[in-house]
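As structure tokens, the structure follows; a few thoughts come after it.
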Amino acid sequence: MGRSSNSALVILAFFAIYVIWGSTYLLNKIAVLELEPFMLASCRFTTAGLLIFILAKFMKIPLAISKKQLLNTILAGVFFLSFGNGVVVWALRYVDSGFAALEISAQPLIILLLMRILQGKKIQPMSVIGVILGIIGIYLLVSQKQIIAQEESITGMIMIFFCMLSWAYGSLFVARADLPTNYFVNTGYQMFTAGLTLALMSLAFGEEWSSPLDWSGKVQWSMILLVVFGSIVAFTSFNYLLKAVSPEKVATSTYVNPIVALLLGWYFLDEQITVQSIFAATVLLTGVYFINTKKTLAIFERFKR
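Mapping to the working numbering: the sequence shown position 177 is 1194, numbers consecutive.
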């Protein structure tokens, strides 16, 4: 009975990191077409952070952290969520959700190159092949005339690239930073402080805030799904899988998320899937596979605390 229960949990957790995380691109795209991007991200992460604090209290998990840990969670929240995610939401106004997911799937490539540049770590032969394939895949993806011709699409692509840099640097930062030992508490502080930072960014850019009561039904549902499932359920599932199965198996979400995003964007938003996009995705994800082979991604180090 115990094994059966654990197997069911593992299956449900994989469904969460495969499908739910893959669907967040669609949900953000639906919401950002109506709401201001930084306001949207701020509402999502502030609400998710507060809910995590409430759940932690209910589960009798201590929320007390040191000043240094608070500062580090604020910095991590900025790297991962305020800039790393908030600007992606902004970029979704100008690029398709499936395209954004494919570009972001090159994240392991950026982390690997940053580790080489900042830490002097040698790139293994298999990873060199992955880097080459990844660069080719990105070029094939972003060089499509149909995409370049879209208004401000190049700006969106460039901003997503900087988001990937921010996320990659954040991954290296938290691997050495003093953070709360409980991942649930760590996540709560990162999300809540990032939500506040995003609110300041929203005010700085002069965004117009609106009441959730004024949002359309589809945007209200998108926000609920982003907060409850995209931020809390999927993230908790991710951390559970890191303890229940090998990191290499968890890393398979890197390959599945963009495929899910592409299909959902095509089905619900009529986003175009070109032959070149399919070929680019195949080359890019193959490159990511070579980078991930027989090594734990630096991106996962922050979730082990």
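Glycine included, every Cβ here is placed at the ideal spot set by N, Cα and C.
This one's a predicted model, so the numbers in the text were calculated from it and none came from an experiment.
Inspect the beta-carbon positions of residue 1040 and residue 1278 and report whether they are closer than 9 Å. yes
State the DSSP-derived secondary structure class of residue 1120, mapped to helix, strand or coil. helix
If we count Cβ pairs, one from each stretch, closer than 8 Å, do we get three or more for the segment 1049-1068 versus the segment 1257-1268? no
Can you tell which of 1216, 1121, 1084 and 1110 has the C-alpha that lies nearest to the C-alpha of residue 1183? 1121
Where does residue 1196 sit, in a helix, a strand or coil, going by DSSP? coil
Taking 7 Å as the limit between beta carbons, can you name the residues of its chain near residue 1332, skipping five residues before and five after? Past the edges of the chain, shown from 1018 to 1322, lies residue 1332, and the structure says nothing about it.
Sequence-distant residues of the same chain with beta carbon closer than 8 Å to residue 1275, five excluded per side: 1039, 1115, 1118, 1119, 1121, 1122, 1298 and 1302
Boundaries (first-last residue) of the alpha helix (DSSP H) holding residue 1048: 1038-1049
What number of angstroms, rounded off, separates the C-alpha of residue 1130 from the C-alpha of residue 1192? 16 Å
Of the listed residues 1210, 1234 and 1306, nearest to residue 1092 (C-alpha basis): 1210
Tell me whether the beta-carbon of residue 1208 lies closer than 9 Å to the beta-carbon of residue 1135. no
If you count every other CB in all the chains shown that lies within 10 Å of the CB of residue 1249, and 16 or more means buried, which is it? buried
If you draw a straight line from the alpha carbon of residue 1149 to that of residue 1127, how long is it in whole angstroms? 12 Å
What number of angstroms, rounded off, separates the C-alpha of residue 1109 from the C-alpha of residue 1253? 25 Å
How far does the alpha helix (DSSP H) with residue 1243 in it extend, from its first residue to its last? No alpha helix (DSSP H) holds residue 1243; DSSP gives it neither H nor E.
Taking the runs of the alpha helix (DSSP H) that are 4 residues or longer, which of them lie wholly in the segment 1086-1122? 1103-1108 and 1114-1121
Residue 1181 (DSSP reduced to helix, strand or coil): helix
Which two residues bound the contiguous alpha helix (DSSP H) that contains residue 1222? Per DSSP, residue 1222 belongs to no alpha helix (DSSP H) and is neither H nor E.
How is residue 1138 classed by DSSP in three states: helix, strand or coil? coil
Specify the secondary structure class of residue 1076 as computed by DSSP and reduced to three states. coil
Please classify residue 1137 as buried or exposed, where buried requires at least 16 other C-beta atoms within 10 Å of its C-beta. exposed
Buried or exposed: residue 1295, going by 16 or more other Cβ atoms within 10 Å of its Cβ? exposed
Since residue 1053 and residue 1219 should fall inside the 8 Å C-beta cutoff, what is the C-beta to C-beta distance between them, to a whole number of angstroms? 6 Å
What's the gap between the Cα of residue 1215 and the Cα of residue 1247? 18 Å
Leaving out five residues on either side along the sequence, give the residues of the same chain with a beta carbon under 7 Å from the beta carbon of residue 1058. 1102, 1103, 1106 and 1215
Go through its chain and collect everything with a Cβ distance to residue 1318's Cβ below 8 Å, but skip five positions before and after it. With a pLDDT of only 44 at residue 1318, under the threshold of 50, the placement of this residue in the model should not be trusted; the figure read from the coordinates follows. Same-chain partners within the cutoff: 1188, 1191 and 1192.
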